[in-house]
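Per the working numbering, the sequence shown starts with residue 166, numbered consecutively. We treat Cβ as the ideally placed atom computed from N, Cα and C, and that holds for glycine. So the structure is just underneath, and the comments pick up after that.
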Amino acid sequence: MPYRPPLVAHEYFVADPPELPVRARGEGGLSALTAAELVAADGAEVMLKAVTTAEETLVVQVGVAGEGVIRVRLSEDAAARPRSEGAISMVTPGTYPGARAGVAPGEPIVIDAGSLRAEISLAPWHLRFTDASGATLVEQDRGHTDISGRLRTLPFGRSTANGTSVAYHESFAAAPDEAFAGFGESFSPLDKRGQRPVMWNFDAFGAESQRAYKNVPLYVSSKGYGLLVDSGAPTEFDVCQSTHSVVQILVPDDVMDYYMIAGPTPSDVLDRYDLLTCRPSLPPKWAFGTWISSGFCVDSQERVLARARTIRERGIPCDVLHLDTYWQTDGHWSDLQWDPVNFPEPERMLDELHGMGFKACLWMNPYISHLSPAFEDASQAGYFLKREDGETYVADCWHGSFPACGIVDLTNPAAVTWFKDLLRALLRQGVDAFKTDFAEGVPADAVAFNGMTGTDLHNVYTLLFNDAVADVTREVNGHGLVWARSSYLGGQRHSAQWNGDTYTSYAAMGSTIRGGLAHGLSGVPFWSHDAGGFTGRPTDDLYVRWTQFGALSPLLRLHGTTTREPWEFPAVEEQAVEALKLRYRLMPYIYSAAVEAARTGAPMMRALCVDYPDDPVAWQADLQYLLGRDLLVAPMIAPEGTRQVYLPRGQWVDYWTGEVLEGSRYVPVSKPLDQIPLFVRYGALIPVTTTGDPGNTITVPAEIALVAFVGGDGPEETRTAEIHDEDGVTVAVATRDGDELRVAVTGPKRVTAVEIAPVAGAPARAVIS
């Protein structure tokens with residue numbers, strides 16, 4: 166009897182990726198470059214004519230795209246471009262004065278980009294990347310064949326099926342101990358070795374798998390380099406899964422177009438990546454405060470105002486009130502119209518919220534229910550994606566739980582204008598920002614106004630969506646903040662992203678941490694999650710532990726299918742609110758880390774490998790992170806209140822006790838419910854608010870304090886802290902002089918107090934000059 170797998174529940178996504186065609190038995194079509202000849206050399210770029218095992222002629226272009234960046238292209242036509250090029254908006258590749266292409270008869274061609282070089286052997290074909298000294302960083306796989314001579318890995322070449330080009334591919338040799346991170350917000354272990362990420366934006370259903378809302382075809386290697394594929398296609402990375410020693414890349418596009426990026430650190434890779442795409446957009450400062458949501462619950466104007474008053478009466482730090490789906494009429498989502506019954510006077514409500522010091526954020530998405538009064542007119546005007554027969558594509562974007570929708574066609578300029586007009590009216594009423602939900606639902610068989618297929622539009626649609634919302638928000642409110650669920654290559658221009666609809670469990674909190682770390686290593690520093698988990702009601706202890714994690718994340722929002730209001734958890738309200746107060750006390754430090762992240766591209770929530778790339782454990786310890794450079798956060802991921810924490814090399818101070826611990830090892834940590842495992846780099850100066858009560862809203866304070874985590878240092882030791890704020894940069898320099906810590910301050914802020922942490926050997930007093 167044939168094997169039958171057990172029946173399992175399976176949810177079909179309206180926009181599953183298309184299957185690549187399968188070759189018929191005996192059909193050829195897998196080609197590999199065998200040799201090439203030089204056609205042209207222009208400054209720091211060469212064009213080569215290559216022949217393949219399938220007797221094809223292809224074009225290879227290799228050139229400098231900036232200091233430490235080399236671009237490689239493989240195509241049939243030298244003018245070919247990725248089909249989604251316009252939406253991704255890559256910056257025109259640059260160069261640098263030392264760039265050159267070394268071409269000498271009988272010698273390998275050398276493309277010199279300073280800290281990165283490409284060495285090209287023409288016959289037989291081979292491509293190797295080195296650092297400036299000539300040491301190999303990575304090279305093309307030389308091909309794995311079996312006893313019959315058949316290729317077992319994808320070579321540098323392309324594949325056809327039924328006589329049609331299907332995909333280009335590339336393979337790189339991988340060292341046995343090499344680790345790989347990035348690829349967007351994948352919720353699987355940080356080191357993707359042994360995994361197979363597919364760049365296709367999914368509604369991730371629980372956020373505990375490799376399915377991701379936010380894919381970025383970029384990875385960083387522990388060997389000191391990064392690789393970026395410029396394509397919106399469902400690119401597949403086989404990261405040493407089918408063959409342990411090879412990374413294979415399959416790009417179903419009209420061209421293989423990738424950038425090899427020099428390190429040696431992940432921060433160096435991300436810095437150069439930003440130069441190819443864009444720097445991260447810094448959110449307005451108020452966005453770093455607490456966001457409290459209505460939850461996925463029926464809401465009303467009275468309830469919103471009552472929630473706001475309760476927050477202020479109970480002294481809960483909060484800057485943003487988020488109104489989720491039910492500000493609109495049930496069944497009409499998302500036509501961007503207030504529910505006239507539950508929200509009869511939205512302008513008055515928004516005025517009252519502003520008077521209490523709140524910003525207001527509204528939920529929305531680019532899908533409009535076919536039951537909405539707005540649907541028919543928009544459909545007749547051609548504002549939605551269509552089917553191949555020209556009819557409006559009405560898709561099950563909500564997986565059967567809510568009415569089917571039309572998907573706004575954001576390649577149609579008239580549709581974009583109409584869509585922005587709907588948003589502009591809300592912004593002029595007093596709305597401060599929008600939560601841009603969904604946008605992963607473009608079906609592969611849809612057709613867009615500009616002729617793009619659904620497959621080509623699918624990943625980059627989120628960029629068009631968030632661009633439109635950010636543009637009109639910036640026009641009216643002077644900032645481009647969106648609180649986005651989906652993203653793609655270059656999406657760091659959208660200044661706030663969150664991890665989507667996670668389960669409510671300790672395991673899900675763990676996968677959320679991993680997703681944030683991966684996304685940070687994909688170039689997106691301003692990231693958040695639904696504190697408490699999204700689906701269901703958390704237990705009291707999980708609510709506190711997740712709120713603590715949120716309080717020490719780049720951004721913080723309390724949101725779920727049920728309420729996450731602290732007073733609805735009366736047994737632990739005090740502990741949850743204390744976590745929020747800790748965030749507000751640390752705001753001078755947190756915002757300084759944010760400014761640095763926007764300037765450099767390095768994540769705020771830093772996987773340990775960002776600062777310790779030469780430590781193998783730093784690529785594996787993915788349930789903890791550095792917040793900025795000096796705080797090590799290890800959220801409690803088990804109800805027992807104990808866990809193992811890896812401390813990198815150096816010395817670390819327990820934030821709560823002042824105990825000094827040696828690094829380069831795991832340590833067991835137990836913390837009561839009111840304390841998150843938190844460690845401070847020994848010797849750090851942490852800027853904080855000046856009083857024990859940090860206030861209930863984010864401000865630009867004229868005065869701050871410092872907490873010094875210094876011990877028995879010699880008199881020559883100095884410590885420096887840079888405090889970034891909207892009023893400029895303040896620098897504090899602390900020098901130990903016997904039993905005294907002398908602190909010199911320059912810049913706009915006054916340091917009015919220096920607290921000495923209870924560290925062994927700490928100075929007795931501080932003097933500010």
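- Residue 884 sits away from residue 843, with the two beta carbons spaced by 7 Å or more.
- With respect to residue 323, residue 196 sits close: the two C-beta atoms are nearer than 7 Å.
- Going by DSSP, residue 833 is part of the beta strand (DSSP E) stretching over 830-835.
- For residue 671, the secondary structure class from DSSP, reduced to helix, strand or coil, is helix.
- In the displayed model, residue 564 falls within coil according to three-state DSSP, outside both helix and strand.
- Taking all protein chains shown into account, residue 715 has 16 or more neighbouring C-beta atoms within 10 Å of its C-beta and is therefore buried.
- A contact is defined here as three or more CB-CB pairs under 8 Å, and the region 591-606 meets this definition with respect to the region 643-650.
- One alpha carbon belongs to residue 450, the other to residue 934, and they sit about 29 Å apart.
- Around the CB of residue 913, fewer than 16 other CB atoms lie within 10 Å, so the residue is classed as exposed.
- The continuous alpha helix (DSSP H) containing residue 746 extends over residues 738-750.
- For residue 613, the CB contacts under 7 Å within the same chain, skipping 5 residues up- and downstream, are 550, 574, 576 and 622 in chain order.
- Between residue 495 and residue 743, the alpha-carbon positions lie close to 36 Å from each other.
- Note that the region 653-670 does not touch the region 736-753; fewer than 3 beta-carbon pairs, one per stretch, sit closer than 8 Å.
- Restricting attention to beta strand (DSSP E) runs no shorter than 3 residues, the region 850-927 encloses them at 850-853, 868-873, 883-890, 893-902, 905-911 and 915-921, ordered along the chain.
- In the DSSP assignment, residue 600 is bridged to 528 and 648.
- About 11 Å separates the beta carbon of residue 417 from that of residue 365, a gap too long to meet the 8 Å contact definition.
- Apart from the 5 residues on each side of it in sequence, residue 677 sits with its Cβ closer than 6 Å to the Cβ of 664, 667 and 694 in its chain, given in chain order.
- Residue pairing for residue 840: DSSP places it in no beta bridge.
- Fully contained in the region 309-372 are the following beta strand (DSSP E) runs of length 3 or more, in chain order: 322-326, 329-338 and 345-349.
- The shortest CA-to-CA distance from residue 424 to any of 393, 447, 839 and 566 is the one to 393.
- Just so you know, the alpha carbons of residue 498 and residue 588 end up roughly 14 Å apart.
- With a cut-off of 8 Å on Cβ pairs, the region 404-414 is not in contact with the region 684-692, counting fewer than three such pairs.
- The Cβ atoms of residue 214 and residue 204 lie closer than 7 Å to each other.
- Per DSSP, residue 215 is one residue of the beta strand (DSSP E) stretching across 210-217.
- Beta-bridge pairing by DSSP links residue 393 to 383 and 424.
- The region 709-725 makes contact with the region 788-808, as at least three CB pairs between them are under 8 Å.
- Within the DSSP secondary-structure output, residue 811 pairs in a beta bridge with 831.
- Counting along the chain, the unbroken beta strand (DSSP E) around residue 286 starts and ends at 282-286.
- Listed in chain order, the beta strand (DSSP E) runs fully inside the region 466-550 are 485-488, 524-529 and 532-534, counting runs of at least 3 residues.
- Contact check for residue 682 against residue 661 fails: the beta carbons are separated by 7 Å or more.
- Taking the Cα positions, residue 369 is about 33 Å away from residue 429.
- By the C-beta density criterion, residue 193 is exposed, having fewer than 16 other C-beta atoms within 10 angstroms.
- Of 355, 825 and 233, the smallest CA-CA separation from residue 209 is found for 233.
- Taking one beta carbon from each stretch, the region 751-771 and the region 311-327 have fewer than 3 pairs nearer than 8 Å; the two do not touch.
- DSSP places residue 754 within a helical segment (H, G or I) once states are collapsed to three.
- Rounded to whole angstroms, residue 304 and residue 444 show a C-alpha spacing of 29 Å.
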